[in-house]
Structures are given as structure tokens and as C-alpha cells.
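J.: Okay, handing you the structure first.
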């Protein structure tokens, strides 16, 4: 017996998410139907492939059961589907047993199916980019994309002029016009391509879902972007200045707290807690852990204490947080272990670097910029701490394949950039070819 529910937009959207999770976890979905509590016989149907569609169930005059498809739930809203279902069920109720009536019933069914197909096609053509982003694509992205919310926001912000347009009306020219306008404003090609790739992903899924005949984004050739040839890493002097700046920041914050309490004490106000712990806040331990582990910022922010084994000295990056979607184990060196052991006493929640609500912090942008100014270091992103980790290991003789495993890259291509190391290191390498002049001999003069 089919259980009955209120089949509306929210119900369909929730089932899309539910089915997408099943397909993602098990490779297929459980075939089933959900009945409508408004119209008996109207159902939402799920196939093992994870496709949701509207349909009807009915009993024929001879007592047998019949089924009929109404349309794809990704392109038709429940209200439209219910109207078509009511017409289909009415046609079945009026069907007779005579040959003429059977033939008429067949013609009526074919006509209803033709109209349903036409209406479904028309509905598909009318679905706007905005509607698709909020519905079917959001359900798909939530399960299959790690950065689902970020991708959807990126499309909404950068392609606001296309949101009200039907998906089927978006053309290659629209996309090329957008990119040309962006580049004219001074946006770097690599940035324009990044935003465009987000839209390409949305249009690809729309085409795969049958909402568009093709993906216009696939026809727009990507701009050839020269890769960064220089890997930004920390020189020994910069690393020393960075560490000094962190220590100076620590001392300054402690002094400011003491000064503030003196002011409060003199006026009879309640004093702030004295800072006696090793670290004044999250900044120094986060920087030191990054320098010693090579974690990406996203991996660092989502790191939980359950991912760490300080007794063994390992840190596990979960597949849900890794860019490659594969887990990896990063060994902890002495400094990283000491930093985490001390910070553990100050951060007792589930997340290593947590905000007030024990949820991952958003970023360290403000504090990071302040530390760099104090250290007089320019053009250093947080991500460059990962490069510093990698470059330091290579300059100390670590082979590229081991580095690949530590960084979590799928192949060696991404670590070949570290073949370009510090100039002094390269000079030392070629200097090995120099041969000292033997006593009593002079170098030949060029003729």
C-alpha cells in the first residue's frame, strides 16, 4: 500500500536530496512511490537510477492495475503534474470494454501523453537559472560537490543578469559577452575562468537532466592561463621574522590585557580574565601547525580533535574535507605535536580551531594581515605556508613522490612546481660541477 503525503515543491526537493544521498552512498536508489493525499492515484515515483517522476496508478475495468508516467519531477512542478494526473485518471475511469471504447481509450491516452510531453517540454524551457539553482541543482550539488554553497553563490553573484532567463535561452554568446565585459574591467583571466567554471558546472547538469539540448558553456573555449612559475615560499629570514612577529603579538596582547585590568581596577570595574595560557588565541598555533603540516586552509579550519592521535603523532584529513576527496594521514613532527598538545588545553571543544559556538572559524584574514605587517612580509598568502612546508622538505632531500603523499595530490604534476626551489639552492647544485684548478696549471685562454 502506497503511503500518502502532501506532494508539493518542498516535499519533492527533500526527496531529491534523499535520493541523491542514496545514489552517492550505494550507487543506486531504492525504487519506491509516494502517494498524494489530495488526489488518489497521483504518485511521485523513484527509479533505481535515482530519477524522480510524477505518475498515476489506476485499476482497469478488467480488474488489473495500470500505471502511467506524467513527467519528470526535475522539470515539472507538483501542481502541473496533479492537473495532468487528474485528467489521466478521469480518462481511465471513463474507459469501457467494447473494441470501439478500447480504441478510443488508446487514442485518448496517446493524446494525453502527447500533451503531457509537450507541456513537460514547455515547462523545461521555462525553468529559469534561478529556479534551477534553488531546486534540482541545489539537491544535486549538496551531495556531489564539496563546495556546493560556494558554487551556487558564485553563480548568483557573477551571473545575476542571467538568473531570470530560462536555461534553454542561455547561449554561448551570452557567456562570451560576460567574460569580455569582465576582462575589460581588469579582472584577471584566471579569475574569470574560475567564475565561468562554476556556471559551466550548472549548465552541464542542466543538459544531463534534459532541461537543455546542449551545454552552451562547453562551447566557450577556456582562456589559456600561464601557470604561476614562481612558487612563493618563506626564506629563512622571513620565517624568523614571522615567528618573531607572532611572539611580539602574543606579548602585546598580554600587556594590553594587563593595562586594561589596571584601568578597570582603578575604577572598581570587574576585571577581565588574566591570560596565563601558552597562547593568547588561535593565530600562533594555526600558523605553526600550517608550517609543519602543509594543510590547506579549509582542511585546517575543519580539523577536529578526533582526527588527531597525539600519542602516535598522526593527523588524519577526512575525505569530506580533502580537496581530492580522499583521506590521508599526515605525520606530526615534534613542534607540531607540542603546539597541538598545548593548544588542546585551551580548546576543549570538538573543533581544533573553533569559534565561540564550537563551529569552525571562517578565516584568519584580519589577524593574518596584521602579523604580516608586523613581520614586514609582503605578498604572502596563507596558502603559501603550504608551499613553504613543501619547499622546505624538498630542499632537505625529500623526494617528490613522498611530498605528493604528504600534500594529498593525486599525481606528480602538482608537485613538479617544487623543482623550482630557492635560487641559492640551485646555485649550490650547479656549483658541484666546478673543479678546482690543479697546482702548477693555468686555465686555457679562449682564442
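Residue numbers (the UniProt record's numbering): 1 to 447.
Idealized CB from N, CA, C, for every residue including glycine.
On a predicted model such as this, the values are computed, not experimentally measured, just so you know.
1) Secondary structure at residue 480, three-state DSSP: helix, strand or coil?
2) To the nearest angstrom, report how far apart residue 249 and residue 371 are at their CA atoms.
3) Is it true that the CB of residue 353 sits closer than 8 Å to the CB of residue 382?
4) Buried or exposed for residue 432, going by 16 or more other Cβ atoms inside 10 Å?
5) Would DSSP call residue 326 helix, strand or coil?
6) Quick check on the DSSP output: the beta strand (DSSP E) that includes residue 34 runs from which residue to which?
7) Out of curiosity, what's the CA-to-CA distance linking residue 3 and residue 91?
8) Grab the span of the alpha helix (DSSP H) containing residue 433 for me, first residue to last.
9) With H, G and I counted as helix, E and B as strand and the rest as coil, what does DSSP make of residue 56?
10) What three-state label does DSSP hand residue 406 in the structure shown?
11) DSSP beta-bridge partners for residue 45?
12) Note the first and the last residue of the continuous beta strand (DSSP E) segment covering residue 65.
13) Would you check if the region 161-178 and the region 238-256 touch, i.e. whether three or more CB-CB distances between them fall below 8 Å?
14) Please say whether residue 294 and residue 407 have beta carbons closer to each other than 8 Å?
15) With DSSP collapsed to three states, give me the class of residue 506.
16) How far does the beta strand (DSSP E) with residue 317 in it extend, from its first residue to its last?
17) Give me the residue from 103, 346, 54 with the minimum Cα distance to residue 85.
18) Can you list, in chain order, the residues of its chain whose CB lies under 7 Å from that of residue 278, leaving out five sequence neighbours each side?
19) State the start and end residues of the unbroken alpha helix (DSSP H) segment that holds residue 137.
20) Can you tell me whether residue 366 is buried or exposed, with buried defined as 16 or more other CB within 10 angstroms of its CB?
21) Going by DSSP in three states, residue 204 sits in which element: helix, strand or coil?
22) What are the residues that DSSP puts in a beta bridge with residue 4?
23) Run through the region 336-380 for me and flag every whole alpha helix (DSSP H) of 4 or more residues, listed as ranges in chain order.
24) Are residue 318 and residue 324 closer than 8 Å when you measure CB to CB?
25) Which residues mark the beginning and the end of the alpha helix (DSSP H) in which residue 298 is found?
26) Which of the three DSSP states, helix, strand or coil, is assigned to residue 288?
27) Is residue 297 close to chain E, meaning its C-beta is less than 8 Å from at least one C-beta of that chain?
28) Considering Cα atoms alone, identify which of 355, 132, 357, 223 is closest to residue 176.
29) Just to confirm, are residue 272 and residue 257 a CB contact at a threshold of 8 Å?
30) How big is the Cα-Cα spacing for residue 430 and residue 395?
31) Going by CA-CA distance only, name the one from 187, 162, 362, 283 that's closest to residue 128.
32) How about residue 50 and residue 22: are their beta carbons less than 8 Å apart?
33) How would you write the range of the alpha helix (DSSP H) that residue 178 sits in, first residue to last?
34) If you follow the alpha helix (DSSP H) that residue 394 is part of, which residue opens it and which one closes it?
35) Nearest-angstrom Cα distance between residue 67 and residue 57?
36) Just to confirm the assignment, what range does the alpha helix (DSSP H) spanning residue 148 have?
T.: This is what the structure holds:
1) Shown here, the chain extends from 1 to 447; a query on residue 480 therefore has no answer.
2) 8 Å
3) no
4) exposed
5) coil
6) 32-36
7) 24 Å
8) Per DSSP, residue 433 belongs to no alpha helix (DSSP H) and is neither H nor E.
9) strand
10) helix
11) 33, 53
12) 65-72
13) no
14) yes
15) The structure shown has nothing for residue 506, since the chain only spans 1 to 447.
16) 314-317
17) 54
18) 342
19) 136-144
20) exposed
21) helix
22) 35
23) 365-375
24) no
25) 297-301
26) helix
27) In summary, chain E is missing from the structure at hand, where a single protein chain is found.
28) 223
29) yes
30) 14 Å
31) 162
32) yes
33) 172-184
34) 384-395
35) 5 Å
36) 148-158
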